[in-house]
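Quick note: the sequence shown uses UniProt numbering, first residue 1, plus one each step.
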Amino acid sequence: MKKILCVILCFQIGIICSQEENRDQIINEANQFIATGNKVLIKDGNFPKAEGEYRKAIAKNPVNPTAKYNLANAYYNSEKYDEATHRYTEAAKVASAKSEKHKAFHNQGNTYMEQKKYKEAVEAYKNALRNNPKDDETRYNLALAKKMLEQQQQQNDQNKDKDQNKDQKEDNKDQKEGDDKEDKKGDDGDKEKEKGEDQKDKEGDKGEDKKDEGDKEKDDKGEPKDEEKDKGKDQKEQEGEPKDQQQQQQQVQGKLSPEQVKSLLEAMNNQEKKVQDKINAKKAQGSKVKTDKDW
């Protein structure tokens, strides 16, 4: 029984020793990749090759903060700030020492400053100071980040006010243009109305002219005018010839017998005598007597 326990114990110790050797080998291989990356980056400036070496180290030993930190620095120097920020965050997570965390957060703050993300930079520098409160460089960068953030906020507020004023001016301009269009539309409507009334008046005058012309044509083609009728009537009265006497004269102009001529002359004499009597009677009275109206 004791022999079996000793065998099991020795087997476990062997496994542990093997794991330790394997672990040390992994760490050594990862460190070798890191060293190669540093060498080609610093000596030759070959970023693509250095990036490849750092990635190999991370794949070999994912908990190695140095490989991730150095890869983040390589991205930062190549101005690949988004990738650098991501790798600094990973390095800070796997780092166990405060000094390593401090460096990762400090450089992450620098990356945010390059991107003008001052709010994020302030938080990164604060995290760095939590791990190393005595670092004056980090403290200075924090103060600078705060100042830049304040200026950025003021600039944003000014730009916001400018945009609001611009929008207000545009709204006022649109309102003014709309009012001008309405006024112009109203003026055009009044002009159209006046034009229509003028046209209506012209048409009415034209109609009256046509009516007058029609009346004139009717007078020319129809019966004589009242003035002409009155003129004819006055002419007959001036002649002093009654209608019956005219008919008698017309008959005289024809072929009449002596007896008819004698009778006609007597009738004319009698008529003239009656007229003369009436004239004498009026002269004797001195004024005209008003007669009754006929029924």
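From the three backbone atoms N, C-alpha and C, an ideal C-beta is built for every residue, glycine too.
Rounded straight-line distance, which links the Cα of residue j to that of residue i
| i | j | result |
| --- | --- | --- |
| residue 110 | residue 45 | 21 Å |
| residue 155 | residue 162 | 10 Å |
| residue 97 | residue 131 | 9 Å |
| residue 36 | residue 92 | 23 Å |
| residue 177 | residue 124 | 52 Å |
| residue 172 | residue 48 | 57 Å |
| residue 32 | residue 160 | 54 Å |
| residue 139 | residue 42 | 28 Å |
| residue 136 | residue 126 | 12 Å |
| residue 169 | residue 182 | 20 Å |
Residue i, DSSP secondary structure in three states
| i | result |
| --- | --- |
| residue 147 | helix |
| residue 63 | coil |
| residue 178 | helix |
| residue 263 | helix |
| residue 45 | coil |
| residue 72 | helix |
| residue 133 | coil |
| residue 90 | helix |
| residue 95 | coil |
Test item: CB-CB of residue i and residue j under 7 Å
| i | j | result |
| --- | --- | --- |
| residue 104 | residue 81 | no |
| residue 74 | residue 30 | no |
| residue 68 | residue 100 | no |
| residue 121 | residue 106 | no |
| residue 72 | residue 84 | yes |
| residue 118 | residue 152 | yes |
| residue 26 | residue 61 | yes |
| residue 95 | residue 65 | yes |
Cβ neighbours of residue i in the same chain (closer than 8 Å, five flanking residues each side left out)
| i | result |
| --- | --- |
| residue 40 | 46, 49, 50 and 53 |
Residue i: CB within 6 Å of a non-hydrogen atom of the ligand NAP
| i | result |
| --- | --- |
| residue 153 | Absence of the ligand NAP is noted for the structure shown, with no ligands found whatsoever. |
>> Check whether the region 108–123 and the region 131–147 touch, using three or more Cβ-Cβ pairs below 8 Å as the test.
In response: yes
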